[in-house]
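K.L.:
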Amino acid sequence: MVQLEVRGLTKRYSPQVTVGPLSFEVMTGEFFSLLGPSGCGKTTTLRCIAGFETPSEGSIALGGRRLDDQPPHRRDVGLVFQNYALFPHLTVFDNIAFGLRLRKVDRPQIERKVAQMLDVVDLPDLGARYPAQLSGGQQQRVAIARSLVLEPSLLLFDEPLSNLDFKLRIQMRYELRDLQRRLGKTAVYVTHDQTEALALSDRIAVLSHGKIEQIGAPAEIYERPASAFVADFIGSSNVLTARVRGGDGAVTSVETEHGLALAIPRVADSAGAALTLLLRPERFQMAAAGNGGVANRFTARVRDVTYLGEDLHLRVLVGERQPLLVSIKNSKGTRAIASGDAIDLAIDPEDIHVLRR
562 MVQLEVRGLT
572 KRYSPQVTVG
582 PLSFEVMTGE
592 FFSLLGPSGC
602 GKTTTLRCIA
612 GFETPSEGSI
622 ALGGRRLDDQ
632 PPHRRDVGLV
642 FQNYALFPHL
652 TVFDNIAFGL
662 RLRKVDRPQI
672 ERKVAQMLDV
682 VDLPDLGARY
692 PAQLSGGQQQ
702 RVAIARSLVL
712 EPSLLLFDEP
722 LSNLDFKLRI
732 QMRYELRDLQ
742 RRLGKTAVYV
752 THDQTEALAL
762 SDRIAVLSHG
772 KIEQIGAPAE
782 IYERPASAFV
792 ADFIGSSNVL
802 TARVRGGDGA
812 VTSVETEHGL
822 ALAIPRVADS
832 AGAALTLLLR
842 PERFQMAAAG
852 NGGVANRFTA
862 RVRDVTYLGE
872 DLHLRVLVGE
882 RQPLLVSIKN
892 SKGTRAIASG
902 DAIDLAIDPE
912 DIHVLRR
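Under the working numbering, the first residue of the sequence shown carries the number 562, and numbering increases by one thereafter.
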């Protein structure tokens, strides 16, 4: 069931700067992310949904009810800000109770609802503390509780984890996703962090220059990107230009602009046609010596090795001119790889994706 419907949303700041038109739907209980680089229009879109920006064109509906002419406080949405936006002079209890008091909820109900929210965000004993006495993760949980206590139909998140350190950000991802699932709340989440979007979302809309490049589940966005921009923005990638050489059964033979011959899944393009290929670094495998029957097997020279604990990221050169990024697991057999080494690599034709735009 559709909870949020955005149709033709456009925001014009000048003839040269326009966001949209954007159209998408968010289903009831779905965690939907707007992902893209700075300046792509994701926060503007969120602010239009919240009522803090007025669209130049288009419509926004929540539960079938048009929001376009409604002020923010009548939209039945909760917004969690990047900088927490807690009142420093109020306790945790009073920060969470703030919206309820504005609605003139009676004191016994306020105490019950705030206590419930403190339990939901796992801060049951911190109601008397002030924001300055909390960690960043605890402050963000208070900000979430302040939105949830009003029981909105839609939760909006504007890069809520970007101010946290790396380990805390990872922890909060799990907590935020678990909380959203437990409560069954519909959520729209803005981020520029691709890993965050992949980890949290049911579906992702990837934005670029005020337009939607692709909407899909995380696996679809990553495995089958619709454009070179999405392929490059989501994860590490090798995007190669190649030409068709011919077809043989289930595969098509191509050659990259730097002379690397590859077999890819069968395409209908005729010989000489130009293609853009995506090869994810982690799809490469170390090929066993002497196993000449492996498809797409070639020798590469290691230019440098980046040690990342469980993974090794390699920059390699095939032949004289074809650079590639390769990611392999750190193991007894790979740990000794060093700059200048020759290694045998292979990639399955099914792991090569043809980009059509």
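Backbone N, C-alpha and C define an ideal beta-carbon position, used for all residues, glycine too.
Kindly identify the DSSP beta-bridge partner or partners of I765.
P.N.:
Numbered from 1 along the sequence shown, position 204 holds the residue referred to as residue 765. In the DSSP output, where bridge partners are listed per residue, I765 has S594, G777.
K.L.:
To the nearest angstrom, report how far apart L821 and F593 are at their CA atoms.
P.N.:
For this step, residue 821 is matched to residue 260 along the sequence shown. For this step, residue 593 is matched to residue 32 along the sequence shown. Going by the C-alpha atoms only, they are around 39 Å apart.
K.L.:
From what residue to what residue does the beta strand (DSSP E) around S888 run?
P.N.:
For this step, residue 888 is matched to residue 327 along the sequence shown. First-last of the beta strand (DSSP E) with S888: 883–890.
K.L.:
Evaluate K665 with the Cβ neighbour count: other Cβ atoms within 10 Å of its Cβ, from every protein chain shown; 16 or more gives buried, anything less gives exposed.
P.N.:
What you label residue 665 is simply residue 104 of the sequence shown in a count that begins at 1. Looking at its Cβ environment, which holds fewer than 16 other Cβ atoms inside 10 Å, K665 is exposed.
K.L.:
Who are the near neighbours of A811 in its chain, counting only those whose CB is closer than 6 Å to its CB and skipping five residues on each side?
P.N.:
Position 250 of the sequence shown holds residue 811. Hits under 6 Å: R827.
K.L.:
For the candidate residues V641, V866, S769, whose alpha-carbon lies nearest to that of A903?
P.N.:
Position 342 of the sequence shown, counted from the start, is the residue given in the question as residue 903. Nearest C-alpha to A903: V866.
K.L.:
Could you pull the start and end residues of the alpha helix (DSSP H) that D793 belongs to?
P.N.:
Within the sequence shown, residue 793 is the residue found at index 232, counting from 1. 789–794 is the span of the alpha helix (DSSP H), which, as asked, contains D793.
K.L.:
Would you check if there are 3 or more beta carbon pairs closer than 8 Å linking the segment 772–788 to the segment 620–637?
P.N.:
The segment 772–788, when compared against the segment 620–637, does not touch it at the 8 Å Cβ threshold.
K.L.:
Taking L687 as part of the beta strand (DSSP E), name the residues at either end of that continuous run.
P.N.:
Along the sequence shown, read from residue 1 onward, the residue named residue 687 stands at position 126. Element bounds for L687: n/a, residue is neither H nor E.
K.L.:
Let's see if you can read the secondary structure: which residues bound the beta strand (DSSP E) around Q564?
P.N.:
Start at 1 with the first residue of the sequence shown, and residue 564 comes out as number 3. 563–573 is the span of the beta strand (DSSP E), which, as asked, contains Q564.
K.L.:
Thinking V710 and V767 are a contact (beta carbons under 8 Å), I'd like their distance in whole angstroms, please.
P.N.:
The residue you call residue 710 lines up with position 149 of the sequence shown. The residue you call residue 767 lines up with position 206 of the sequence shown. Actually they are not in contact, since the Cβ atoms of V710 and V767 sit about 32 Å apart, beyond 8 Å.
K.L.:
Between which two residues does the beta strand (DSSP E) harbouring G807 extend?
P.N.:
What you label residue 807 is simply residue 246 of the sequence shown in a count that begins at 1. Residues 799–809.
K.L.:
Which term fits R578, buried or exposed, when burial requires 16 or more other beta carbons within 10 angstroms of its beta carbon?
P.N.:
Start at 1 with the first residue of the sequence shown, and residue 578 comes out as number 17. Correcting the residue type first, residue 578 is Val in the shown sequence and not Arg. Exposed, by the Cβ-count rule.
K.L.:
Restricting to Cα atoms, I'd like to know which of A861, S584, R844, S798 is closest to T837.
P.N.:
Position 276 of the sequence shown, counted from the first residue, corresponds to residue 837. Here the closest residue by C-alpha is S798.
K.L.:
Does DSSP classify I731 as helix, strand or coil?
P.N.:
On the sequence shown, residue 731 is found 170 positions in, with the first residue counted as 1. Helix, per DSSP.
K.L.:
Taking C-alpha atoms, which residue in I621, H914, E591, S620 lies nearest to Y783?
P.N.:
As a working mapping, residue 783 is identified with position 222 in the sequence shown. The shortest Cα separation from Y783 among I621, H914, E591, S620 belongs to H914.
K.L.:
Indicate whether A748 and L716 have their beta-carbon atoms separated by less than 7 Å.
P.N.:
Working through the sequence shown from its first residue, we reach residue 748 at position 187. Working through the sequence shown from its first residue, we reach residue 716 at position 155. For A748 and L716, yes; Cβs fall inside 7 Å.
K.L.:
Kindly indicate which three-state DSSP category H874 falls into: helix, strand or coil?
P.N.:
Your numbering for residue 874 matches position 313 in the sequence shown. Three-state DSSP puts H874 in a strand.
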